[in-house]
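Novice: So the protein sequences, as listed, match chains A and B.
When the letters of the first sequence are read in order and numbered with this note's numbering, they come out as residues 1160 to 1273.
When the letters of the second sequence are read in order and numbered with this note's numbering, they come out as residues 4 to 117.
For every residue, glycine included, the Cβ atom is placed at its ideal position computed from N, Cα and C.
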Amino acid sequence: AQSVSQHNHHVILSEAASLELGCNYSYGGTVNLFWYVQYPGQHLQLLLKYFSGDPLVKGIKGFEAEFIKSKFSFNLRKPSVQWSDTAEYFCAVSVTDSWGKLQFGAGTQVVVTP
Amino acid sequence: GAVVSQHPSRVICKSGTSVKIECRSLDFQATTMFWYRQFPKQSLMLMATSNEGSKATYEQGVEKDKFLINHASLTLSTLTVTSAHPEDSSFYICSASLEMDTQYFGPGTRLTVL
């Protein structure tokens, strides 16, 4: 069955620390990959996306993600987090020619302490 | 740009009644809209894909007679929860597709069925 796995459900780190959130998927065909963020009390916002080309994708707010096809992974990174990065982060995958239907991972709650 | 709104933001209803939730793309035309359900501390589960002017496509396990979806225009999709029961209480989120495979999400509607 197709699935999206996020390795950590809950991450706590201090400001200025580096963040890396893992995401693996199990789809056989060509995929599009996304990271969404949900700040407390707000709706889902697109952080970044990968469709094709350079596997290192830069998004908003200093986030980047790297697509490693051989590992079926799309990990999210930020070199130095801020308190305002406290949020829930969702990895999502869509299969090409699926009308854009997204399969979401379970989400990772990130708490950044001052 | 790419703003999606939902109305109402929260609704409380009695068991057996029907509730309608609206999803609007405010500054763009969306040929495809999606409806998700999010349980507490869990990820988003796709319920259905809605294309303007055609019948919605429901995911496996979603009762189409219970969750009626209408996509009458390029900026409006509605979800009607018919004969609601307490187990239908949840957070319902819509999204609209602006460009291929990129979805923009609404703020969600909290439904509580008493």
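Going by DSSP, which residues form a beta bridge with B:W38?
Specialist: Taking the second sequence and counting its residues from 1, the one referred to as residue 38 of chain B is at position 35. B:W38 is bridged to B:A51, B:C97.
Novice: For A:G1266, which residues in the same chain have their Cβ closer than 6 Å to its Cβ, ignoring the five residues on either side in sequence?
Specialist: As a working mapping, residue 1266 of chain A is identified with position 107 in the first sequence. So the list reads E1247, F1249, once near-sequence residues are dropped.
Novice: How many whole angstroms separate the CB atoms of B:Y39 and B:M48, which I take to be in contact at a CB cut-off of 8 Å?
Specialist: By one-based count along the second sequence, residue 39 of chain B stands at place 36. By one-based count along the second sequence, residue 48 of chain B stands at place 45. Confirmed, Cβ separation roughly 6 Å.
Novice: Could you work out which residues of chain A lie near B:P110, taking near to mean beta carbons separated by less than 8 Å?
Specialist: Counting from 1 along the second sequence, the entry for residue 110 of chain B is found at position 107. Correct list: Q1201, H1202.
Novice: Within 10 angstroms of the Cβ of B:S53, are there 16 or more other Cβ atoms? Answer buried if so, exposed if not.
Specialist: To locate residue 53 of chain B, count along the second sequence from 1; it is residue 50. Answer is buried; the Cβ neighbour count reaches 16.
Novice: Taking C-beta pairs closer than 7 Å, name the residues in chain A that B:S100 reaches, listed in chain order.
Specialist: Taking the second sequence and counting its residues from 1, the one referred to as residue 100 of chain B is at position 97. Ordered by position in chain A, the residues that pass the 7 Å Cβ test against B:S100 are G1259.
Novice: Run the CB neighbour count on B:A87, radius 10 Å, all protein chains shown included, and call it buried at 16 or more, exposed below.
Specialist: Residue numbering aside, residue 87 of chain B sits at position 84 when the second sequence is read from its first letter. Here B:A87 is buried: its Cβ has 16 or more other Cβ atoms, across all protein chains shown, within 10 Å.
Novice: With DSSP run on the structure shown, which of helix, strand or coil describes B:E102?
Specialist: Working through the second sequence from its first residue, we reach residue 102 of chain B at position 99. In this structure, DSSP gives B:E102 an extended state, which the three-state scheme calls strand.
Novice: With a cut-off of 8 Å, does the C-beta of A:F1231 fall near any C-beta of chain B?
Specialist: Counting from 1 along the first sequence, the entry for residue 1231 of chain A is found at position 72. It does not; no Cβ of chain B falls within 8 Å.
Novice: Can you name, in chain order, every residue of its own chain whose Cβ lies under 6 Å from the Cβ of A:S1239, other than the five neighbours on each side?
Specialist: For the purposes of this step, residue 1239 of chain A is taken as the residue at position 80 of the first sequence. For A:S1239, where only same-chain residues beyond five positions count, the Cβ hits under 6 Å are A1175.
Novice: Give a yes or no on whether the minimum CB-CB distance between B:Q32 and chain A is below 8 Å.
Specialist: As a first step, residue 32 of chain B is located in the second sequence; it is residue number 29 there, counting from the start. Judged by the 8 Å Cβ criterion, B:Q32 is not in contact with chain A.
Novice: Going straight from the alpha carbon of A:G1181 to that of A:V1216, what length do you get?
Specialist: In the first sequence, residue 1181 of chain A corresponds to position 22, counting from 1. In the first sequence, residue 1216 of chain A corresponds to position 57, counting from 1. Using only the alpha carbons, I get a separation of about 15 Å.
Novice: Go to A:N1183, then tell me how far its beta strand (DSSP E) extends in each direction, as first and last residue.
Specialist: Residue mapping note: residue 1183 of chain A aligns to position 24 of the first sequence, counting from 1. Looking at the DSSP string, the run of the beta strand (DSSP E) that includes A:N1183 is 1182-1185.
Novice: Less than 6 Å between C-beta atoms, sequence neighbours within five positions excluded: which residues of the same chain meet that for B:T81?
Specialist: Here residue 81 of chain B refers to the residue found at position 78 of the second sequence. Same-chain partners within the cutoff: K23, E25, N73.
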